[in-house]
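Chains as they are written, first to last, in the numbering used here: chain Z, 5 to 244; chain W, 5 to 244.
For each residue, glycine too, the CB sits at the ideal point set by N, CA and C.
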DNA sequence: CAGTGGTCTAGACCACGTG
DNA sequence: ACGTGGTCTAGACCACTGC
């Protein structure tokens, strides 16, 4: 009773899908050199141009990095990425703002309704909450809490000390690649806790950023809420 | 004394640059059908594949729209674009928020230092300021002022009544196409004027959005400052 | 030097929209 | 039926990297 629908997708789309699956499944690991265009073309019985188009789509989606003369490598978070990618804070001169972390604290608990909704969890699911302060110019500019499904990140507690660069741990320890984020921004007044941590008066206007991070198969794996008191720094969004 | 540097750029880049110039200069106008791939290939003495790659880059930059079976058309703001493109407000259900305008007011004056910096103007330059309130669900959620260089938009005052869809006027009346925007977001407390217009208390946290709009040759043509009191609406930014 | 990605060609055929 | 963009091939050559 199979529908027996012919797969009419273009060849390069099929090849692309097959290559994505190799990265998603971990058959091709972060940082690994993948076969060259001719080898992939031969394997899928297509021309080099078609294989090239499939690989190009991987590169456009940041799943691989191509280097002329060297080869094509599965994307891997680099020290620069870890600090800058997905971070949209800039100072007045237009330079990216870099943060260091402080007072990191990892706790576990039952997911709230909001957390279940953001991460697509069912009732009773347990989550990990990773709270920290983010510092620039010796001032606490941001306080944030990242929420993760416990079932997705077992034994994360053992790594609590090294949890500086979260997405790097996701990739290297759990094989989970964050490919895109959505951030929802609003303005709120500081509550008592935020005011204390940021060193401002209660009610001070803060930028509230609610981020959802998605994996390669587009499922939410992290829900992060930040409250920001930005002195000389702003959030930058580009639209085309 | 010409440097006589050989132009080593790939063919498709040269063709692409030539086509961009035709759109920038107005030789090809908004909404116009452009020649097909083979005609462009013949004109530049390249193969169809190379012409195709050049046109593809135009499409990727939103300068043209391609329709299989119909042809390739120079990009033109559509009713939907006018309302939604470059607008990043969404409601809780994930739907785009649409606004209507009210109390629009156009004034002229000498550019302030901040306005000169944002628009790249020299001292003494004159600007037009277009202020308005933006309404959703019968509530004023946003007040904003758009600043334009007077020399770029002569006689804009005559159009004050029809200034609802600003970028559409830029394109249709002045041949200026907005291709991208940058928005800087911070949180501020409502001042007396904002509080009055938005119907909130002084000091209420507002989202402040400072937008610079760029043309096809990447020069700033509009500087817009908005103050937003977002009830049930948020600003959405996507990062890859 | 060999090996890789990047460009380019000439030609074929397919898929879609319109008359 | 025709004209358009979209896919695909087979092969050539160029540009860059690293040994």
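Rounded C-beta distance between residue 133 of chain Z and residue 161 of chain Z? I'm assuming under 8 Å. About 11 Å separates the two Cβ atoms, so there is no contact after all.
Residue 193 of chain W - partner residues in DSSP beta bridges: W:209
For residue 168 of chain Z, which residues in the same chain have their Cβ closer than 7 Å to its Cβ, ignoring the five residues on either side in sequence? 105
Rounded straight-line distance, which links the Cα of residue 231 of chain Z to that of residue 198 of chain Z: 7 Å
Neighbour-count burial assignment, residue 175 of chain Z, 16 or more Cβ in a 10 Å radius: buried
Rounded to whole angstroms, what's the CA-CA distance from residue 8 of chain W to residue 14 of chain W? Just pull it up for me. Interpretation of residue 8 of chain W is limited by its pLDDT of 49, a score under 50 that renders its predicted location unreliable; the figure taken from the coordinates is listed afterwards. About 17 Å.
Starting from the Cα of residue 109 of chain W, find the closest Cα among W:158, W:88, W:138 and give me that residue. W:138
Enclosing alpha helix (DSSP H) for residue 44 of chain W [first to last residue]: 41-48
Quick one, which of W:180, W:225, W:238 has its alpha-carbon nearest residue 93 of chain W's? W:238
Where the segment 166-197 of chain Z meets chain W: residues whose CB sits under 8 Å from a CB there: 183, 184, 185, 186, 187, 188, 189, 190, 191, 192, 193
Does DSSP put residue 25 of chain W in a helix, a strand or coil? helix
Quick check on the DSSP output: the alpha helix (DSSP H) that includes residue 64 of chain W runs from which residue to which? 52-64
Using the Cβ count rule (16 or more neighbours within 10 Å means buried), how would you classify residue 43 of chain Z? exposed
Proximity winner among Z:115, Z:228, Z:17, relative to residue 57 of chain Z (alpha-carbon distances): Z:17
Just tell me which of W:70, W:23, W:118, W:31 has its CA closest to the CA of residue 48 of chain W. W:23
Straight-line CA distance for residue 215 of chain W to residue 82 of chain W? 21 Å
Quickly, what does DSSP pair residue 184 of chain W with across the bridge? List them, please. W:218
Boundaries of the beta strand (DSSP E) in which residue 153 of chain W is found, first to last residue: 143-153
Near residue 243 of chain W, what residues of its chain come up, given a Cβ to Cβ distance below 8 Å and the 5 sequence neighbours on each side ignored? none
Could you give the DSSP three-state label for residue 74 of chain Z: helix, strand or coil? coil
So, do the segment 61-71 of chain Z and the segment 203-212 of chain Z have three or more beta carbon pairs nearer to each other than 8 Å? no
Anticipated Cβ contact below 8 Å, residue 148 of chain Z with residue 89 of chain Z, distance rounded: Not confirmed; about 17 Å, so no contact.
For residue 20 of chain W, would you say it is in contact with chain Z, using Cβ-to-Cβ distances shorter than 8 Å as the test? no
If you compare alpha carbons, which of Z:100, Z:190, Z:115, Z:195 is closest to residue 153 of chain Z? Z:115
Chain Z partners of residue 66 of chain W, CB-CB under 8 Å? 244
Could you please give me the residues that DSSP links to residue 226 of chain W through a beta bridge? W:217
Measure the C-alpha to C-alpha separation of residue 51 of chain W and residue 41 of chain W and round it to an integer number of angstroms. 9 Å
Who are the Cβ neighbours of residue 236 of chain Z in its own chain at under 7 Å, not counting the five residues just before and after it? 95, 96
Thinking residue 163 of chain W and residue 173 of chain W are a contact (beta carbons under 8 Å), I'd like their distance in whole angstroms, please. 6 Å
Mind checking the segment 84-118 of chain Z against chain W and listing, in chain order, the residues whose C-beta falls within less than 7 Å of any C-beta there? 90, 92
DSSP-derived helix/strand/coil call for residue 161 of chain W: helix
Rounded C-alpha distance that separates residue 224 of chain Z from residue 123 of chain Z: 5 Å
Pair within 8 Å by beta-carbon distance, residue 35 of chain Z and residue 87 of chain Z: no
Where residue 137 of chain Z sits in the DSSP three-state scheme: strand
Using a threshold of 8 Å, state whether the C-beta atoms of residue 212 of chain W and residue 189 of chain W are closer than that. yes
Let's see if you can read the secondary structure: which residues bound the beta strand (DSSP E) around residue 95 of chain W? 93-95
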